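>
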Amino acid sequence: LYANTVCKPGGSNSVRGGSVSVMEGDSVTLKTNVTELHGDDDITWKYGAEKSLIVKISNEERISSTFDVPDGRFRDRLKVDHQTGSLTITNITTEHAGVYEQQRRGARLSSKTFNVSVYPRLPVPVIRRVCSSSSSGSSYCSLVCSVVNVGHVTLSWYKGNSLLSSISVCVLNNPIRNQTTHLDITQLCHTCSGTEALIYMFMLICTAGSLLIVAAVGIFCRKYRKTDQEGKC
(Lines of atoms letter the chains of each structure in order from A and count residues from 1; the text may use other names and numbers.)
(Lines give C-alpha, C1' and ligand atoms only; values in the text may rest on other atoms or scores of the structure.)
Protein backbone atom coordinates (compact mmCIF):
# COMPACT_ATOMS: atom_id res chain seq x y z
CA LEU A 1 0.00 0.00 0.00
CA TYR A 2 1.43 3.34 -0.95
CA ALA A 3 0.01 6.84 -0.93
CA ASN A 4 0.16 9.80 -3.26
CA THR A 5 -1.20 13.31 -2.85
CA VAL A 6 -2.76 15.23 -5.72
CA CYS A 7 -3.64 18.82 -4.98
CA LYS A 8 -4.01 22.28 -6.38
CA PRO A 9 -1.34 24.80 -5.42
CA GLY A 10 -1.95 26.26 -1.98
CA GLY A 11 -0.41 28.74 0.38
CA SER A 12 -1.64 32.07 -0.92
CA ASN A 13 -4.57 33.25 -3.03
CA SER A 14 -5.34 36.67 -4.51
CA VAL A 15 -8.73 37.81 -5.80
CA ARG A 16 -10.28 41.04 -7.04
CA GLY A 17 -13.91 40.41 -6.15
CA GLY A 18 -16.47 37.65 -6.44
CA SER A 19 -16.11 34.19 -4.92
CA VAL A 20 -12.92 32.59 -3.69
CA SER A 21 -12.17 29.17 -2.19
CA VAL A 22 -9.19 28.72 0.11
CA MET A 23 -7.71 25.86 2.11
CA GLU A 24 -7.64 26.12 5.90
CA GLY A 25 -4.26 27.38 7.12
CA ASP A 26 -3.49 29.30 3.92
CA SER A 27 -3.64 33.06 3.34
CA VAL A 28 -6.00 34.95 1.06
CA THR A 29 -5.59 38.51 -0.26
CA LEU A 30 -8.70 40.49 -1.14
CA LYS A 31 -7.60 43.17 -3.59
CA THR A 32 -8.92 46.62 -4.39
CA ASN A 33 -9.17 47.94 -7.94
CA VAL A 34 -6.32 50.41 -7.52
CA THR A 35 -2.53 50.14 -7.64
CA GLU A 36 -2.10 53.15 -5.35
CA LEU A 37 -4.32 55.21 -3.07
CA HIS A 38 -4.52 58.92 -3.85
CA GLY A 39 -5.40 62.14 -2.05
CA ASP A 40 -8.20 61.75 0.44
CA ASP A 41 -9.00 58.12 -0.38
CA ASP A 42 -10.51 56.19 2.53
CA ILE A 43 -10.85 52.40 2.52
CA THR A 44 -13.03 50.35 4.85
CA TRP A 45 -13.42 46.59 5.09
CA LYS A 46 -16.50 45.03 6.69
CA TYR A 47 -17.29 41.41 7.49
CA GLY A 48 -20.41 39.26 7.71
CA ALA A 49 -24.12 39.91 7.65
CA GLU A 50 -23.68 42.40 10.50
CA LYS A 51 -21.09 44.29 8.39
CA SER A 52 -18.69 44.52 11.30
CA LEU A 53 -15.88 47.01 10.65
CA ILE A 54 -12.53 45.18 10.57
CA VAL A 55 -10.26 47.62 8.68
CA LYS A 56 -10.17 51.39 8.21
CA ILE A 57 -7.54 53.17 6.11
CA SER A 58 -7.17 56.96 5.81
CA ASN A 59 -4.70 57.75 3.04
CA GLU A 60 -4.73 61.48 3.74
CA GLU A 61 -3.83 60.98 7.41
CA ARG A 62 -1.58 58.00 6.66
CA ILE A 63 -3.42 55.96 9.28
CA SER A 64 -4.70 52.39 9.11
CA SER A 65 -6.49 50.49 11.85
CA THR A 66 -7.65 46.89 12.18
CA PHE A 67 -10.52 45.77 14.40
CA ASP A 68 -11.62 42.40 15.68
CA VAL A 69 -15.14 41.05 15.98
CA PRO A 70 -16.52 40.21 19.45
CA ASP A 71 -15.47 36.54 19.35
CA GLY A 72 -11.85 37.41 18.52
CA ARG A 73 -11.58 35.31 15.36
CA PHE A 74 -9.45 37.88 13.47
CA ARG A 75 -6.84 38.39 16.18
CA ASP A 76 -3.34 38.74 14.63
CA ARG A 77 -4.66 37.62 11.24
CA LEU A 78 -5.41 40.87 9.37
CA LYS A 79 -2.72 42.56 7.28
CA VAL A 80 -3.24 45.71 5.22
CA ASP A 81 -1.40 46.92 2.12
CA HIS A 82 -1.12 50.66 2.79
CA GLN A 83 -0.38 51.41 -0.85
CA THR A 84 -3.42 49.72 -2.39
CA GLY A 85 -5.78 49.12 0.54
CA SER A 86 -5.85 45.37 -0.11
CA LEU A 87 -6.62 43.07 2.82
CA THR A 88 -4.81 39.81 3.60
CA ILE A 89 -6.20 37.24 6.02
CA THR A 90 -3.45 34.91 7.26
CA ASN A 91 -3.74 31.40 8.71
CA ILE A 92 -7.38 31.35 7.69
CA THR A 93 -9.87 28.93 9.29
CA THR A 94 -13.44 27.93 8.56
CA GLU A 95 -14.53 30.59 11.08
CA HIS A 96 -13.37 33.25 8.62
CA ALA A 97 -15.64 32.14 5.79
CA GLY A 98 -18.30 34.61 4.74
CA VAL A 99 -18.86 37.91 2.96
CA TYR A 100 -16.29 40.72 2.99
CA GLU A 101 -17.23 44.17 1.71
CA GLN A 102 -14.70 46.79 0.67
CA GLN A 103 -15.71 50.45 0.26
CA ARG A 104 -13.58 53.24 -1.15
CA ARG A 105 -14.40 56.88 -0.61
CA GLY A 106 -12.56 59.86 -2.07
CA ALA A 107 -12.44 61.34 -5.54
CA ARG A 108 -14.33 58.23 -6.64
CA LEU A 109 -16.78 56.04 -4.77
CA SER A 110 -16.66 52.29 -5.25
CA SER A 111 -17.44 49.07 -3.44
CA LYS A 112 -16.65 45.39 -3.91
CA THR A 113 -17.93 42.21 -2.30
CA PHE A 114 -15.97 38.99 -1.75
CA ASN A 115 -17.58 35.68 -0.80
CA VAL A 116 -14.89 33.57 0.87
CA SER A 117 -15.28 29.79 1.31
CA VAL A 118 -12.79 27.93 3.53
CA TYR A 119 -12.29 24.16 3.33
CA PRO A 120 -10.50 22.02 5.95
CA ARG A 121 -7.36 20.18 4.96
CA LEU A 122 -7.96 16.63 3.78
CA PRO A 123 -6.46 13.58 5.47
CA VAL A 124 -5.02 10.78 3.36
CA PRO A 125 -7.61 7.99 3.01
CA VAL A 126 -6.70 4.59 4.45
CA ILE A 127 -7.31 1.26 2.71
CA ARG A 128 -7.66 -1.86 4.87
CA ARG A 129 -8.48 -5.50 4.14
CA VAL A 130 -11.20 -7.61 5.75
CA CYS A 131 -11.17 -11.31 4.78
CA SER A 132 -13.36 -14.30 5.61
CA SER A 133 -13.97 -17.84 4.34
CA SER A 134 -17.21 -19.62 3.50
CA SER A 135 -18.18 -23.23 4.12
CA SER A 136 -17.80 -23.96 0.40
CA GLY A 137 -14.08 -23.24 0.59
CA SER A 138 -14.14 -19.83 -1.07
CA SER A 139 -12.40 -16.87 0.47
CA TYR A 140 -13.85 -13.38 0.41
CA CYS A 141 -11.76 -10.26 0.75
CA SER A 142 -13.25 -6.78 1.11
CA LEU A 143 -11.20 -3.62 0.75
CA VAL A 144 -12.48 -0.68 2.76
CA CYS A 145 -11.32 2.87 2.12
CA SER A 146 -12.16 5.32 4.90
CA VAL A 147 -11.42 8.70 6.48
CA VAL A 148 -12.65 10.35 9.66
CA ASN A 149 -13.49 13.84 10.90
CA VAL A 150 -14.14 15.45 7.53
CA GLY A 151 -17.30 16.69 5.85
CA HIS A 152 -18.52 17.95 2.48
CA VAL A 153 -16.21 15.66 0.53
CA THR A 154 -16.54 12.74 -1.88
CA LEU A 155 -14.77 9.38 -1.50
CA SER A 156 -14.50 7.19 -4.58
CA TRP A 157 -12.52 4.44 -6.32
CA TYR A 158 -10.70 4.99 -9.64
CA LYS A 159 -8.44 3.32 -12.14
CA GLY A 160 -6.80 6.23 -13.90
CA ASN A 161 -9.78 8.37 -14.87
CA SER A 162 -12.23 5.46 -14.86
CA LEU A 163 -14.41 4.17 -12.06
CA LEU A 164 -15.14 0.51 -11.26
CA SER A 165 -11.86 -1.24 -11.88
CA SER A 166 -9.79 -4.01 -10.32
CA ILE A 167 -6.63 -1.89 -10.10
CA SER A 168 -7.87 1.02 -8.10
CA VAL A 169 -7.10 4.29 -6.44
CA CYS A 170 -9.15 5.69 -3.57
CA VAL A 171 -9.63 9.45 -3.96
CA LEU A 172 -10.94 11.85 -1.33
CA ASN A 173 -11.81 15.28 -2.67
CA ASN A 174 -13.54 18.55 -1.96
CA PRO A 175 -14.02 21.42 -4.44
CA ILE A 176 -10.39 22.59 -4.27
CA ARG A 177 -8.16 19.66 -3.31
CA ASN A 178 -7.68 15.89 -3.62
CA GLN A 179 -6.01 13.27 -1.44
CA THR A 180 -5.22 9.97 -3.13
CA THR A 181 -4.25 6.51 -1.86
CA HIS A 182 -3.10 3.95 -4.44
CA LEU A 183 -4.06 0.31 -3.96
CA ASP A 184 -1.33 -2.28 -4.50
CA ILE A 185 -3.42 -5.42 -4.90
CA THR A 186 -0.39 -7.72 -4.47
CA GLN A 187 0.14 -6.37 -0.97
CA LEU A 188 -3.42 -6.86 0.23
CA CYS A 189 -4.62 -10.00 -1.57
CA HIS A 190 -1.92 -12.66 -1.96
CA THR A 191 -2.29 -15.42 -4.54
CA CYS A 192 -0.59 -18.69 -3.55
CA SER A 193 0.71 -21.39 -5.90
CA GLY A 194 -2.11 -23.49 -7.23
CA THR A 195 -4.63 -20.72 -6.72
CA GLU A 196 -6.45 -18.95 -9.48
CA ALA A 197 -8.27 -15.79 -8.41
CA LEU A 198 -11.26 -14.20 -9.99
CA ILE A 199 -11.53 -10.60 -8.92
CA TYR A 200 -14.69 -8.59 -9.25
CA MET A 201 -15.00 -5.10 -7.88
CA PHE A 202 -17.84 -2.72 -7.21
CA MET A 203 -17.57 0.89 -6.19
CA LEU A 204 -19.55 2.86 -3.63
CA ILE A 205 -19.24 6.64 -3.61
CA CYS A 206 -20.04 8.26 -0.29
CA THR A 207 -20.78 11.96 -0.27
CA ALA A 208 -19.80 13.08 3.19
CA GLY A 209 -22.10 14.71 5.62
CA SER A 210 -21.01 12.66 8.58
CA LEU A 211 -17.82 12.18 10.56
CA LEU A 212 -17.05 8.73 9.10
CA ILE A 213 -17.05 8.14 5.38
CA VAL A 214 -16.53 4.67 3.97
CA ALA A 215 -16.27 3.51 0.38
CA ALA A 216 -16.03 -0.26 0.00
CA VAL A 217 -14.77 -2.40 -2.80
CA GLY A 218 -15.49 -6.13 -2.61
CA ILE A 219 -12.88 -8.52 -3.87
CA PHE A 220 -14.02 -12.07 -4.30
CA CYS A 221 -11.39 -14.81 -4.61
CA ARG A 222 -12.35 -18.34 -5.63
CA LYS A 223 -10.05 -21.14 -4.50
CA TYR A 224 -9.25 -24.03 -6.77
CA ARG A 225 -7.80 -27.23 -5.35
CA LYS A 226 -5.30 -29.43 -7.09
CA THR A 227 -4.60 -33.00 -6.15
CA ASP A 228 -1.09 -32.40 -4.83
CA GLN A 229 -1.46 -28.97 -3.21
CA GLU A 230 -3.92 -26.36 -2.09
CA GLY A 231 -3.81 -22.57 -2.50
CA LYS A 232 -5.59 -19.98 -0.49
CA CYS A 233 -6.27 -16.31 -1.32
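One rule links them: number in the working numbering = place in the sequence shown (from 1) + 8. Every residue gets a Cβ at the ideal spot worked out from N, C-alpha and C, and that includes glycine. Note that the structure is predicted; figures quoted are calculated from it, not measured.
According to DSSP, is residue 103 part of a helix, a strand, or is it coil?
helix
> Using the Cα positions of residue 89 and residue 55, report the straight-line distance between them to the nearest angstrom.
If I take the Cα positions, the gap works out to 18 Å.
> Compare the C-alpha of residue 126 against each of 190, 40, 184 and name the closest.
184
> Is residue 124 closer than 8 Å to residue 63 when the C-beta atoms are compared?
no
> Tell me whether the stretch 84-101 and the stretch 32-48 touch, counting them as touching only if at least three CB pairs, one residue from each stretch, are closer than 8 Å.
yes
> Let me know the secondary structure DSSP gives residue 3 once reduced to three states.
This structure gives no information on residue 3, because the portion of the chain shown stretches from 9 to 241.
> Please classify residue 46 as buried or exposed, where buried requires at least 16 other C-beta atoms within 10 Å of its C-beta.
exposed
> Beta strand (DSSP E) containing residue 59: first to last residue?
Residue 59 -> no beta strand (DSSP E), and no H or E assigned at all.
> Do residue 152 and residue 164 have their C-beta atoms closer together than 8 Å?
no
> Quick check on residue 43: does DSSP put it in helix, strand or coil?
coil
> Quick check on the burial criterion: 16 or more other C-beta atoms within 10 angstroms. Buried or exposed for residue 7?
With the chain covering only 9 through 241, there is no way to say anything about residue 7.
> Straight-line CA distance for residue 48 to residue 79?
The alpha-carbon separation between residue 48 and residue 79 amounts to approximately 32 Å.
> Taking the straight line between their C-alpha atoms, what separation do you get for residue 121 and residue 25?
6 Å
> If I measure Cβ to Cβ from residue 73 and keep anything under 6 Å in the same chain, skipping five residues before and after, which residues do I get?
Once the five neighbours on either side are set aside, the close Cβ partners of residue 73 are 64.
> In terms of residues, what are the limits of the beta strand (DSSP E) holding residue 137?
134-141
> Whole angstroms are fine: how far does the CA of residue 156 sit from the CA of residue 243?
Any question about residue 243 goes unanswered here, given that the chain covers just 9 to 241.
> Using only CA atoms, which one of 113, 92, 32, 142 lies nearest to residue 100?
32
> Beta strand (DSSP E) containing residue 146: first to last residue?
From DSSP, residue 146 is part of no beta strand (DSSP E); its letter is neither H nor E.
> Where residue 66 and residue 128 are concerned, what is the direct C-alpha to C-alpha distance, given to the nearest angstrom?
For residue 66 and residue 128, the distance between alpha carbons rounds to 35 Å.
> If you measure between the beta carbons of residue 51 and residue 112, is that distance less than 8 Å?
Judged by beta-carbon spacing, residue 112 lies within the 8 Å limit of residue 51, meaning their Cβ atoms are closer than that value.
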